Amino acid sequence: MDQKVLVLNGDYTAITLCSVQKAFVLLFLEKAELIAKSENGVLRTVSKAFPKPSIIRLQRYVRVPYKGIALSRHNIMKRDHFECQYCGSTKNLTLDHVLPRSRGGDSSWANLLTACARCNHAKGHRTPQEAGLTIRQQPKKPTLTGFLKLSAGTLDQNWHPYLH
Numbered sequence: 002m003d004q005k006v007l008v009l010n011g012d013y014t015a016i017t018l019c020s021v022q023k024a025f026v027l028l029f030l031e032k033a034e035l036i037a038k039s040e041n042g043v044l045r046t047v048s049k050a051f052p053k054p055s056i057i058r059l060q061r062y063v064r065v066p067y068k069g070i071a072l073s074r075h076n077i078m079k080r081d082h083f084e085c086q087y088c089g090s091t092k093n094l095t096l097d098h099v100l101p102r103s104r105g106g107d108s109s110w111a112n113l114l115t116a117c118a119r120c121n122h123a124k125g126h127r128t129p130q131e132a133g134l135t136i137r138q139q140p141k142k143p144t145l146t147g148f149l150k151l152s153a154g155t156l157d158q159n160w161h162p163y164l165h
């Protein structure tokens with residue numbers, strides 16, 4: 002039951018992911034409609050069986066003020082797949098400022114990346130080029146659909162048309 006369900010707005014744009022339980026409540030209260038059911042399993046009550054949802058669409062269009070993906074330690078590590086962006090290690094991860102704060106670097110999506118403690122210490126107050134380090138993937142702000150893909154873990158094949 003820890004599967005995620007893709008929630009579409011009234012205009013079929015992806016807005017979030019929710020739990021199967023939350024999706025079932027929205028369907029039961031007729032606040033959403035079932036767009037695609039999951040390949041595996043059904044939800045059972047005492048007297049009925051319901052298909053497990055994979056995609057639901059809200060009955061009414063909901064205006065969602067998009068403020069972007071929150072800049073947080075966890076979201077940066079999620080964007081970087083919980084790997085050091087210099088050596089690929091997954092142990093002792095920290096955040097690193099590409100342009101160090103001591104040299105005017107800010108805390109932004111484009112200047113923060115995940116680094117292991119060893120690489121971060123080796124880099125110190127230098128830029129990666131000065132320290133002889135190569136960045137595997139240049140840091141950038143993720144899109145909403147890209148971040149939904151990361152948050153889902155495993156992607157349901159039904160979601161592909163909505164997460165482009």
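Take 2 as the starting number for the sequence shown in my numbering and just add one per residue.
Quick reminder that beta carbons are idealized off the backbone N, C-alpha and C, glycines included.
Bear in mind that the values here come from a model prediction, so they are computed numbers and not experimental data.
For Gln4, which of Glu40, Glu34, Cys117, Gly147 has the nearest alpha-carbon?
Translated into the one-based positions of the sequence shown, residue 4 becomes position 3. Nearest in C-alpha terms to Gln4, of all of Glu40, Glu34, Cys117, Gly147, is Glu40.
Where do the ends of the alpha helix (DSSP H) carrying Phe51 lie?
Within the sequence shown, numbered from 1, the residue matching residue 51 stands at position 50. DSSP places Phe51 outside any alpha helix (DSSP H); the residue lies instead in the beta strand (DSSP E), whose first and last residues are 50-59.
When you compare the stretch 115-122 with the stretch 75-87, are there three or more beta-carbon pairs, one atom per stretch, that lie closer than 8 Å?
yes
I'd like the list of long-range same chain contacts for Lys79, defined as Cβ closer than 6 Å, with 5 residues on each side in sequence excluded.
Counted from its first residue, the sequence shown places residue 79 at position 78. Counting only Cβ-Cβ distances below 6 Å, and skipping sequence neighbours, we find Leu151.
Per DSSP, Asp1 is paired with what?
The structure shown does not extend to residue 1, since the chain spans only 2 to 165, so no value can be given for it.
Near Asn112, which residues of its chain fall below 8 Å by C-beta distance, leaving aside the five closest residues on each side in sequence?
Translated into positions along the sequence shown, residue 112 becomes position 111. His98, Val99, Leu100, Gly106, Pro140, listed in sequence order.
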